[in-house]
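Below is one structure; the comments refer to it alone.
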Amino acid sequence: MKKHLISLAAAAATSVLAGAAVAQDEYPNQSITMVVPFSAGGPTDTVTRLITEPMGQVLGQGFVVQNVTGAGGTVAAGQVANAPADGYTVLIHHIGMSTAPTLYPNLPYDPLEDFETVGLVTEVPMTIIARKDFPAETLQEMIDYVKANPDEVTLANAGIGAASQLCGMLFMDAIGTQITTVPYPGTGPALTDLVGGQVDIMCDQTTNTTGQILGGEVKAYAVTAEERLENLPDVPTTAEAGLGDFQLRIWHGLYVPAGTDEAIVQKLSSALQTALQEQNVIDRFAELGTTTVSQERATPELHTEMLSSQIELWRPIIQEAGVSAE
Ligand code: MLT
Numbered sequence: 139m140k141k142h143l144i145s146l147a148a149a150a151a152t153s154v155l156a157g158a159a160v161a162q163d164e165y166p167n168q169s170i171t172m173v174v175p176f177s178a179g180g181p182t183d184t185v186t187r188l189i190t191e192p193m194g195q196v197l198g199q200g201f202v203v204q205n206v207t208g209a210g211g212t213v214a215a216g217q218v219a220n221a222p223a224d225g226y227t228v229l230i231h232h233i234g235m236s237t238a239p240t241l242y243p244n245l246p247y248d249p250l251e252d253f254e255t256v257g258l259v260t261e262v263p264m265t266i267i268a269r270k271d272f273p274a275e276t277l278q279e280m281i282d283y284v285k286a287n288p289d290e291v292t293l294a295n296a297g298i299g300a301a302s303q304l305c306g307m308l309f310m311d312a313i314g315t316q317i318t319t320v321p322y323p324g325t326g327p328a329l330t331d332l333v334g335g336q337v338d339i340m341c342d343q344t345t346n347t348t349g350q351i352l353g354g355e356v357k358a359y360a361v362t363a364e365e366r367l368e369n370l371p372d373v374p375t376t377a378e379a380g381l382g383d384f385q386l387r388i389w390h391g392l393y394v395p396a397g398t399d400e401a402i403v404q405k406l407s408s409a410l411q412t413a414l415q416e417q418n419v420i421d422r423f424a425e426l427g428t429t430t431v432s433q434e435r436a437t438p439e440l441h442t443e444m445l446s447s448q449i450e451l452w453r454p455i456i457q458e459a460g461v462s463a464e
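For the sequence shown, my numbering begins at 139 and goes up steadily by one.
Set out below in structure tokens:
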């Protein structure tokens, strides 16, 4: 009797394994949802739309982009952490994946335990910008004005956990002055308000700001890069503009829920790597001041290592700044 039960259990296990193998072989056989943790039209959304099309071509299935905003990207990440681990829900997130564990003491997910990493996508410098009629022409003049009027000046960001929040936090620390921050569901709408003059300054990704800087709709004081950017040659680096070693290059990565089959993760990663090598993708990113990463760096293994070291890198910096969402 016992032997019979054991063989029934073995048969059931074999059929589950066979089912899983078929599922991987057939993957993907329907569209894949890419969850974006910020507003449509913003920098993360822009990166998403640039990679989902070529990735979809490689995989033979299209992507549906879903913007899930809130709490600096943590609402979307929490949603994906709890999604079925079948490869049909993918999260794109940026440096906020590594800052949230320190910023949110009660974060309802663990970036390393609750996700499988698919790979790194891009590295993006930030720009320090202001509304067109802000009364300062250079970064030093802007800093002087902010220090003289800390209660009047407003700094837009996309909530605690956003890249703009991290950059703004480092900026306020660097100049030793706290400014009133105005949170938005993404820097897409924040930039619209900055252009409209409803908010004063912002630190935001070049993927979002290049068009408005080149079009003269906002003032650009500096790029947070070691060298000037080819797409914004007239904008000084933070070092040239007098902010010493203030540099920040943020990144984007792709994630699926923990427990997703390794073969599915590899298929997604390989589609990402192929997409990132396409010349029109490289060119479009370059126009936005953004670097697509090499094939080797867009792997699950390297991105897991990077994510882990980024969590460790930012923890003491955020604790020192005393910023917390709770
Ligand atoms: C966005 O897509 O709106 C952002 O990446 C915002 C941010 O993190 O600053």
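Think of the CB as a built atom: it goes at the ideal place given N, C-alpha and C, for glycine as much as any other residue.
query: Going by DSSP, which residues form a beta bridge with D305?; result: What sits at residue 305 in the sequence shown is Cys, not Asp. Paired residues: none, contrary to the question.
query: Looking at R269: is its Cβ nearer than 8 Å to the Cβ of G353?; result: no
query: When DSSP labels each residue in this structure, what does R453 get in the three-state scheme?; result: helix
query: Just checking, does the region 294-302 make contact with the region 322-336 on the three C-beta pairs under 8 Å criterion?; result: yes
query: Pull up the DSSP beta-bridge partners for I230, would you.; result: L392
query: Could you give the DSSP three-state label for V154: helix, strand or coil?; result: With a pLDDT of 49 at V154, under the threshold of 50, the modelled position of this residue cannot be trusted; read the value that follows with caution. In the structure shown, V154 sits in a helix (DSSP, three-state: H, G or I).
query: Using CA atoms only, rank isn't needed, just tell me which of I233, N220 and D282 is closest to H390.; result: I233
query: Run through the region 213-283 for me and flag every whole alpha helix (DSSP H) of 4 or more residues, listed as ranges in chain order.; result: 234-241
query: T190 and F201 - do their beta-carbons sit closer together than 8 Å?; result: yes
query: Is the shortest distance between the beta-carbon of P273 and the beta-carbons of chain B less than 8 Å?; result: Among the chains in the structure shown there is no chain B, since it carries only a single protein chain.
query: Mind checking E254: buried by the 16 CB within 10 Å criterion, or exposed?; result: buried
query: Which word fits K285, buried or exposed, when buried means at least 16 other C-beta atoms lie within 10 angstroms of its C-beta?; result: exposed
query: Do N220 and ligand 1 come close, with the Cβ less than 7 Å from some heavy atom?; result: no
query: Give me whichever residues DSSP pairs with R187 in a beta bridge.; result: Note: R187 sits in no beta bridge, so no partner.
query: Once you ignore the five residues that flank V218 on each side, which residues in its own chain have a CB closer than 8 Å to its CB?; result: V173, T227, V228, L229, F253, Y393, V394 and P395
query: State the DSSP-derived secondary structure class of D383, mapped to helix, strand or coil.; result: coil
query: Within 10 Å of its beta-carbon, does P239 have 16 or more other beta-carbons around it, so buried, or fewer, so exposed?; result: buried
query: In whole angstroms, what separates the C-alpha of E368 from that of T318?; result: 33 Å
query: Just checking D421 against ligand 1 - is the residue's beta carbon closer than 7 Å to any of the ligand's heavy atoms?; result: no
query: Which value, in whole angstroms, describes the spacing of the CA atoms of A436 and L406?; result: 11 Å
query: Considering only heavy atoms of ligand 1, list every residue whose Cβ is less than 5 Å from one of them, following chain order.; result: F176, G180, P181, T182, A296, A300, A301, S302, G324 and T325
query: Here's the rule: buried if 16 or more other CB atoms are within 10 angstroms of the residue's CB, otherwise exposed. What is Q448?; result: buried
query: From A301, A413 and T265, pick the residue whose C-alpha is nearest to that of I351; which is it?; result: T265
query: Give the DSSP-derived three-state secondary structure of I313 in the structure shown.; result: helix
query: Considering Cα atoms alone, identify which of G211, P192 and E275 is closest to M247.; result: What sits at residue 247 in the sequence shown is Tyr, not Met. Nearest of G211, P192 and E275 to Y247, Cα basis: G211.
query: Anyone know if the C-beta pair for C305 and T362 falls short of 8 Å?; result: yes
query: So, under 8 Å CB-CB, Q168 and Q204 are touching, yes? Tell me the CB distance rounded to an integer number of Å.; result: 15 Å between Cβ atoms; not a contact.
query: Counting only the same chain and skipping the five closest in sequence on each side, list residues whose C-beta sits under 7 Å from that of G180.; result: G324, T325, G326 and N346
query: Starting from N369, trace the alpha helix (DSSP H) in both directions and tell me its first and last residue.; result: That residue, N369, is in no alpha helix (DSSP H); it is neither H nor E in DSSP.
query: Cα-Cα, which of D399, Y359 and E434 is closest to T412?; result: E434
query: What does a CB cutoff of less than 6 Å around P166 pick up in its chain, not counting 5 residues either side in sequence?; result: L197 and Q199
query: Could you tell me which residues DSSP puts in a beta bridge with P166?; result: None; P166 has no bridge partner.
query: Going along the chain, which residues of its own chain have a beta-carbon closer than 8 Å to the beta-carbon of V206, five neighbours each way excluded?; result: V173, V174, P175, V213, A214 and Q217
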